[in-house]
Each structure stands twice: as structure tokens, then as C-alpha cells.
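Using my numbering, read the sequence shown as starting at 44 and increasing by one per residue. So the structure is just underneath, and the comments pick up after that.
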Amino acid sequence: MPWPAWSTTTPTPNAITLKLDDPNDQYGYVRRAAINALASLVNDDPDTKRAITLKLDDSDEDVRRAAINALASLVNDDPDTKRAITLKLDDSDEDVRRAAINALASLVNDDPDTKRAITLKLDDSHYNVRSAAINALASLVNADNATKEAITNKLDDDSISVRSAAVNALASLVNADNATKEAITNKLDDSDNDVRSAAVNALASLVNADNATKEAITNKLDDENWSVRSAAVNALASLVNADNATKEAITNKLDDSFFDVRSAAVNALASLVNADNATKEAITNKLDDDSISVRSAAVNALASLVNADNATKEAITNKLDDENWSVRSDAIGALLGYATPDEEIMFAEWLGGQTEFDPRTGDRWDNEVARREYSQVLAPRLCNNRKLYEKVVAMLDSPAWPARFGAVMALTAMPGGPPAEALPKLRGLLDDMRGEESWPNRLTVAALFVNDRDRGLSDHAVSVCIEALDYATQPWYHLPRTGAAVRKQAATILGEYEPLFDDSVVFNRLARLMQEDADAQVRDAAYGALLRLAAAPEERQR
44 MPWPAWSTTT PTPNAITLKL DDPNDQYGYV RRAAINALAS LVNDDPDTKR AITLKLDDSD
104 EDVRRAAINA LASLVNDDPD TKRAITLKLD DSDEDVRRAA INALASLVND DPDTKRAITL
164 KLDDSHYNVR SAAINALASL VNADNATKEA ITNKLDDDSI SVRSAAVNAL ASLVNADNAT
224 KEAITNKLDD SDNDVRSAAV NALASLVNAD NATKEAITNK LDDENWSVRS AAVNALASLV
284 NADNATKEAI TNKLDDSFFD VRSAAVNALA SLVNADNATK EAITNKLDDD SISVRSAAVN
344 ALASLVNADN ATKEAITNKL DDENWSVRSD AIGALLGYAT PDEEIMFAEW LGGQTEFDPR
404 TGDRWDNEVA RREYSQVLAP RLCNNRKLYE KVVAMLDSPA WPARFGAVMA LTAMPGGPPA
464 EALPKLRGLL DDMRGEESWP NRLTVAALFV NDRDRGLSDH AVSVCIEALD YATQPWYHLP
524 RTGAAVRKQA ATILGEYEPL FDDSVVFNRL ARLMQEDADA QVRDAAYGAL LRLAAAPEER
584 QR
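Structure representation (C-alpha cells):
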């Protein structure tokens, strides 16, 4: 069991239980941490269960909520715990009441008392509690008319989230219950766009068989809110192959004022590009849209034509110079599968693709995922294209680490593994110190080789990981975040090590790390690795 961050050794349950009543814990931080640490014991340890149950009446609402979550697994089999949590449905704090509803939700189908208690929460004073009650009762709407009616009444709640929850809960009835279908159809004109979007999604399954619903959703293509228009495009997408009017209506959305709607329209029409020239041309024009997501959607929609349509291939090839990395990456993904031998050599450079962040969200792109996708396409071709193979091997000497790593992934993905002639260079990357603070890169390579069939290569990878366990632990280093991340990375890789027999060197080093490292996440990673390695058989003496 992972231990809390305040300890550098594994504490006993009794020691943690004392923290449930820490007199110096003004804000409940320690009490919550103690509850979380003890939660796994409530099913088997009556004393722990009793101690956490007392915390249901703690003065701090977050502690009470933590206690409910820790005890939730008992409600089906322990009447006392069920009763104690049911009392929390009337707690003064809305988050505690909501936690109690969520903990009891599994009982509503078989326990009339619990169902009744949660149904009363449909009229709670706080919208989050009412929404939680709807979600907990949703499984009953197909078989329990009283519950269905109670949730239907919530379609007119004054809270947006409650009305949306009610629409979602009733969605399963629209095919069989006309009254429910009509009630949700009325929500297409709700004052809030989230509710209107939920109504569109709930009714989407009817568009192929119900003309009235199809028309009602088609009208939402001109809703004032972009999210509703986008939901309408998605709901109608299944009709574009058989219904010209719907196809035309969605084609018009390629010029919508909001990029998400244009992207949805491109995706909805993608199935037509092979048979409908007008649609193909309309989507091709979206390759120059001012939105990144629309250009990417257009590239992916047209990808199936690359092998048979030179004009489309040329248009997507032009996107290799797009100003945005994600569009360029999608373009290379579309082209790689149909690349000529000469193009394969040129495209090998993309194994070293690298970028920093998504300009729309600020999130980092996962460059390794993109490189791995490229490597999986190129790897089998290395066997038949000698120039491509030589190009990729040469990349192992590139001064740019991403290029070296991309080459490693392609070579190791070759059918049968990399040729023997490439192994010396691959081994060398485990000791590749080029680049400031190269540990994350070297460990990434070590992860590829830690279980390699070549025992010498595997042992070398293990040695690199063990060496990394000491990274940034010296007094002259102050890398509290990056240092811990490297040590955690190394411990995690060692947890994937599959020795033929128990490896006492690795085991003992991880055990020492678990006791000595100052970072709780590193200790947790070491502990997880030890659990896996402990299963390895002991080697018999010869």
C-alpha cells in the first residue's frame, strides 16, 4: 500500500489511525490524508472501519466527504454503513450530500428505502445535489414510472445542469416512449445552449426513422450557439449518404462562422469524398481554412484518396508546409502509407519530429506518439529499401536527440528486430551523454531494451536505470522536480523488467530507494516495481 507523503518509511495502520484525530490539524489536511491511506482496509479491519465511520461527523466537510468515499464499497453488504451514509443525505454541506448520493447509487435498483431517500434529493436546495440524484436514479427510468415522471419534472428545473442531467437520464426512452420524446424535443428550444445540445444528442438515434425529429434537429443547424450547431451536425451525419437535403444542409456548415462547426461538417461528409466530386472539392477547399482543427480534419477526411488521386495527394503534400505543426503531422501521417521508395527516404526525417505546445490550448503535443506512429509505418519498409535503412541508421548519429530516438523506434520495430550490424550503435545510445541533462532521453531508450532478447543489451539497460536512481541526490544538485521525475522514470522502467530469475541487485537497490528517497512519488514507483519483481522465481543452485 503506498504511504502518505509525510512519511519516509511505511507506517503501520495504527500509526495512521492516530492521525484521524490530530489536534494540530486545523484544516483537516492530515485527517483526509489518513482516511485515504486507510481506505483499502475498511473491508477487512473493523477497527479501521469504525474509526473512519466516526469521521462522518467531523467538523470539516472535506473530511466528511473523504470518509463517505472511503466507506462507499461497504454499502451493499453492511447495513450499519449504509444507514450512516444515508444520514449524510441531509448534511449541511452540498458536496457531502452529493458524495452520499454517489455512494448509495448502486442500491437504487434493489433497495426501496435508498431509492426513496435519493428521490427526495431531487428537490434539494442545491443544483449539484439535484443533478447527482438524477444521475443516481437514471437506471430506473425504463422500468419505474414514478422515477421517470419525477425526472421528467426536472426538465423544467431552474438550473441548467439539472435540466441537462434530466435530458441525459431520459435519453434511453426516446425510441419507445412518445411522451418522453416529445418532452425532450421541447428542450430543443430551451433557453440554455447546454440543454439544447443535450436534447440534440438524446434525439440523434431517431433521425434515420423519424422525419419530425430529423427536421427538428436540422433546424438546430442554424442555432445561435455553435455547440448546438455542432451537435446537430454530428447527429445528422449518418444521413449524408442517403439524404441529399441533409447532405446539402451540412455542406453549408463548411462555411459556418465557428471552427468547431466547420470541423464537424468536414468529419460528417468525409465518407463521401470517394464517390462525390462536389463534396471532395468542398473539403479540399477547407485545407486552407483559417482554423487549425478544420485544416487537420480536411487532411484526415481526404487521406483515403492519396493513393488514387494525384490532385488530392499534391494538395495534402502542400500541407507539409502548413504553419501549424499538427496539420503538418496529420499530412505526413496521411502520406506515409502510400509513399514511394524515394518519398520514404525524405519522410524518414519526420521520425525526428518535435514541437513544444499546442498554440490553441497551451498543452504539449505528444511527440513520442507521433514518432511512434511514423516508425510503425516505416519499420517494415526498412527491410526492402536499403537507402531508407541507411538513412535511418545514419540518424543514430544525428546531433538532435529526437532524430536519434525516432531512428531507434523504427529500427527496433523492424520485423525480427534490428539487424545485428545496427546493434553497436543502438547500445551506444544507452550511454549517449549528448545534450544537457540527458537522463530522460537515455531512460527512454533503456525502456525499449530492458527486456530485449539480447541479454547483454537488457543488462546494460538495467544498469543505466540503476545508475539513474542516484540522479540529483547529491548536495550540489537542486532539482526537486526534474530530479525526482528521472528517478521515478527509472524505477518505473525497472518495474517492467522481466528477469528470468530473482535479481537481488535490482531488488535491493529499489528497496533502498523506497526507504531513502525524499520524494513520495519516487518511493511509490519503487514500491510498485518491487511488487512486480518479487514474483520472479529464485534461481536454483547448480
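Ideal placement from N, C-alpha and C gives every residue a C-beta, glycine not left out.
> For the putative contact between Thr162 and Ala193, defined by C-beta atoms under 8 Å, what is the C-beta separation to the nearest angstrom?
Replying inline: For the purposes of this step, residue 162 is identified with residue 119 of the sequence shown, where counting begins at 1. For the purposes of this step, residue 193 is identified with residue 150 of the sequence shown, where counting begins at 1. Contact between Thr162 and Ala193 holds, since their C-beta atoms are separated by about 6 Å, short of 8 Å.
> Just reading off the alpha helix (DSSP H) that Cys508 is part of, what are its end residues?
Replying inline: Translated into the one-based positions of the sequence shown, residue 508 becomes position 465. Start and end: Arg498 to Ala511.
> Mind checking Leu574: buried by the 16 CB within 10 Å criterion, or exposed?
Replying inline: Walking along the sequence shown from the start, residue 574 turns up at place 531. Its Cβ having fewer than 16 others within 10 Å, Leu574 is exposed.
> Excluding sequence positions up to five away, which residues of its chain have a Cβ less than 6 Å from the Cβ of Glu441?
Replying inline: If you number the sequence shown from 1, residue 441 lands on position 398. The sequence shown places Ser at residue 441, rather than the Glu named in the question. Within the same chain, Ser441 has close Cβ partners Arg447.
> Cβ atoms of Ser306 and Ala274: under 8 Å apart, would you say?
Replying inline: Mapped onto the sequence shown, residue 274 falls at position 231. Mapped onto the sequence shown, residue 306 falls at position 263. Result no, Cβ atoms of Ala274 and Ser306 do not sit closer than 8 Å.
> Skipping 5 residues on each side, what residues in its chain have a beta carbon closer than 7 Å to that of Ala443?
Replying inline: Within the sequence shown, residue 443 is the residue found at index 400, counting from 1. Excluding positions up to five away in sequence, the list reads Gly395.
>> Going by DSSP in three states, Arg524 sits in which element: helix, strand or coil?
In response: Taking the sequence shown and counting its residues from 1, the one referred to as residue 524 is at position 481. DSSP, read as helix, strand or coil, puts Arg524 in coil.
> Can you name, in chain order, every residue of its own chain whose Cβ lies under 6 Å from the Cβ of Arg566, other than the five neighbours on each side?
Replying inline: Residue numbering aside, residue 566 sits at position 523 when the sequence shown is read from its first letter. Closer than 6 Å at the Cβ level, and outside the excluded window around Arg566, lie Met557 and Asp560.
> Taking just the CA atoms, how far does Lys230 sit from Val243?
Replying inline: As a working note, residue 243 is residue 200 in the sequence shown. As a working note, residue 230 is residue 187 in the sequence shown. Those two C-alpha atoms are separated by around 9 Å.
> Out of curiosity, what's the CA-to-CA distance linking Ala318 and Ser347?
Replying inline: Reading the sequence shown from its first residue, position 275 is the one you call residue 318. Reading the sequence shown from its first residue, position 304 is the one you call residue 347. C-alpha separation (whole angstroms): 12 Å.
> DSSP three-state call for Met457: helix, strand or coil?
Replying inline: Numbered from its first residue, the sequence shown carries residue 457 at position 414. Residue state, collapsed to three classes: coil.
> What residue does the alpha helix (DSSP H) around Ser207 start on, and which one ends it?
Replying inline: Here residue 207 is taken as the residue at index 164 of the sequence shown, counted from 1. Ser207: member of the alpha helix (DSSP H) spanning Ile203 to Leu213, first to last residue.
> Is it right to say Leu512 is buried, meaning 16 or more other beta carbons lie within 10 angstroms of its own, or is it exposed?
Replying inline: Here residue 512 refers to the residue found at position 469 of the sequence shown. A residue is called buried when at least 16 other Cβ atoms come within 10 angstroms of its Cβ; Leu512 meets this threshold and is buried.
> CA-CA distance, Ala569 and Ile359?
Replying inline: Reading the sequence shown from its first residue, position 526 is the one you call residue 569. Reading the sequence shown from its first residue, position 316 is the one you call residue 359. Cα-Cα distance, rounded: 47 Å.
>> Helix, strand or coil, according to DSSP, for Gln517 in the structure here?
In response: Walking along the sequence shown from the start, residue 517 turns up at place 474. In this structure, Gln517 counts as coil in the three-state DSSP scheme.
> Quick one, are the C-beta atoms of Trp482 and Tyr514 less than 8 Å apart?
Replying inline: Indexing the sequence shown from 1 puts residue 482 at position 439. Indexing the sequence shown from 1 puts residue 514 at position 471. Taking 8 Å as the Cβ cut-off, Trp482 and Tyr514 qualify as a contacting pair.
> Between Leu32 and Thr228, what straight-line distance do the alpha-carbon atoms span, to the nearest angstrom?
Replying inline: For residue 32 there is no data in the structure shown, the boundaries of the chain being 44 and 585.
> For Ala115 versus Ile95, is the C-beta distance shorter than 8 Å?
Replying inline: Locating residue 115 in the sequence shown gives position 72, counting from the first residue. Locating residue 95 in the sequence shown gives position 52, counting from the first residue. Against a cut-off of 8 Å, the Cβ pair of Ile95 and Ala115 comes out as no contact.
>> Less than 7 Å between C-beta atoms, sequence neighbours within five positions excluded: which residues of the same chain meet that for Ala465?
In response: Locating residue 465 in the sequence shown gives position 422, counting from the first residue. These residues qualify, in order along the chain: Val436 and Leu454.
> Among Arg338, Ala259, Asn320 and Ser281, which has the Cα closest to the Cα of Leu297?
Replying inline: Within the sequence shown, residue 297 is the residue found at index 254, counting from 1. Cα-wise, what sits closest to Leu297 is Arg338.
> What first and last residue would you give for the alpha helix (DSSP H) that runs through Arg623?
Replying inline: What is shown of the chain runs 44 to 585, which leaves residue 623 out entirely.
> Where does Gln419 sit, in a helix, a strand or coil, going by DSSP?
Replying inline: By one-based count along the sequence shown, residue 419 stands at place 376. In the structure shown, Gln419 sits in a helix (DSSP, three-state: H, G or I).
> To the nearest whole angstrom, what separates the beta carbons of Ala572 and Leu553, a pair I think is in contact under 8 Å?
Replying inline: Position 529 of the sequence shown, counting from 1, holds the residue named residue 572. Position 510 of the sequence shown, counting from 1, holds the residue named residue 553. 5 Å between Cβ atoms; contact.
>> Could you tell me the alpha carbon to alpha carbon distance between Gly405 and Pro445, rounded to whole angstroms?
In response: Indexing the sequence shown from 1 puts residue 405 at position 362. Indexing the sequence shown from 1 puts residue 445 at position 402. Residue placement at Gly405 is poorly supported in this model, since its pLDDT is 45, which falls under 50; the coordinates still yield a value, given next. So the two alpha carbons sit approximately 21 Å from each other.
> My guess is that Arg93 and Ala142 are in contact by the Cβ rule of under 8 Å, so how many angstroms apart are they, rounded?
Replying inline: For this step, residue 93 is matched to residue 50 along the sequence shown. For this step, residue 142 is matched to residue 99 along the sequence shown. That pair is no contact at about 20 Å.
>> For Ile144 and Val172, what's the separation of their Cα atoms in angstroms?
In response: Within the sequence shown, the letter at position 101 stands for residue 144. Within the sequence shown, the letter at position 129 stands for residue 172. The alpha-carbon atoms of Ile144 and Val172 are separated by roughly 8 Å.
> Buried or exposed: Ala189, going by 16 or more other Cβ atoms within 10 Å of its Cβ?
Replying inline: Indexing the sequence shown from 1 puts residue 189 at position 146. Ala189 is classed as exposed because its beta carbon has fewer than 16 other beta carbons within 10 Å across all chains shown.
> What distance in whole Å lies between the Cβ atoms of Val370 and Ile326, which are believed to be in contact at a cut-off of 8 Å?
Replying inline: Start at 1 with the first residue of the sequence shown, and residue 326 comes out as number 283. Start at 1 with the first residue of the sequence shown, and residue 370 comes out as number 327. Contact between Ile326 and Val370 does not hold, since their C-beta atoms are separated by about 14 Å, which reaches or exceeds 8 Å.
> By a C-beta neighbour count over all protein chains shown, 10 Å radius and 16 as the cutoff for buried, is Val507 buried or exposed?
Replying inline: As a working mapping, residue 507 is identified with position 464 in the sequence shown. By the 16-neighbour rule on beta-carbons within 10 angstroms, Val507 is buried.
> Looking at the structure shown, is Val309 part of a helix, part of a strand, or coil, going by DSSP?
Replying inline: As a first step, residue 309 is located in the sequence shown; it is residue number 266 there, counting from the start. Helix.
> Buried or exposed: which applies to Glu539, given that a residue is buried once 16 or more other Cβ atoms fall within 10 Å of its Cβ?
Replying inline: Looking up residue 539 in the sequence shown gives position 496. Label assigned to Glu539: exposed.
>> Between the alpha carbons of Arg159 and Asn211, how many angstroms are there, rounded?
In response: Start at 1 with the first residue of the sequence shown, and residue 159 comes out as number 116. Start at 1 with the first residue of the sequence shown, and residue 211 comes out as number 168. If you take the alpha carbons of Arg159 and Asn211, they lie about 21 Å apart.
> So which of Ala382, Trp368 and Tyr381 has the shortest CA-CA distance to Ala413?
Replying inline: For the purposes of this step, residue 413 is taken as the residue at position 370 of the sequence shown. For Ala413, the closest alpha carbon among the candidates Ala382, Trp368 and Tyr381 is that of Trp368.
> If we count the other Cβ atoms within 10 Å of its Cβ and call it buried at 16 or more, is Asp101 buried or exposed?
Replying inline: Here residue 101 refers to the residue found at position 58 of the sequence shown. By the neighbour-count criterion, in which 16 or more other beta carbons inside 10 Å mark a residue as buried, Asp101 falls on the buried side.
> Can you tell me whether DSSP reads Leu439 as helix, strand or coil?
Replying inline: If you number the sequence shown from 1, residue 439 lands on position 396. Leu439 carries a coil assignment under DSSP once its states are collapsed to helix, strand and coil.
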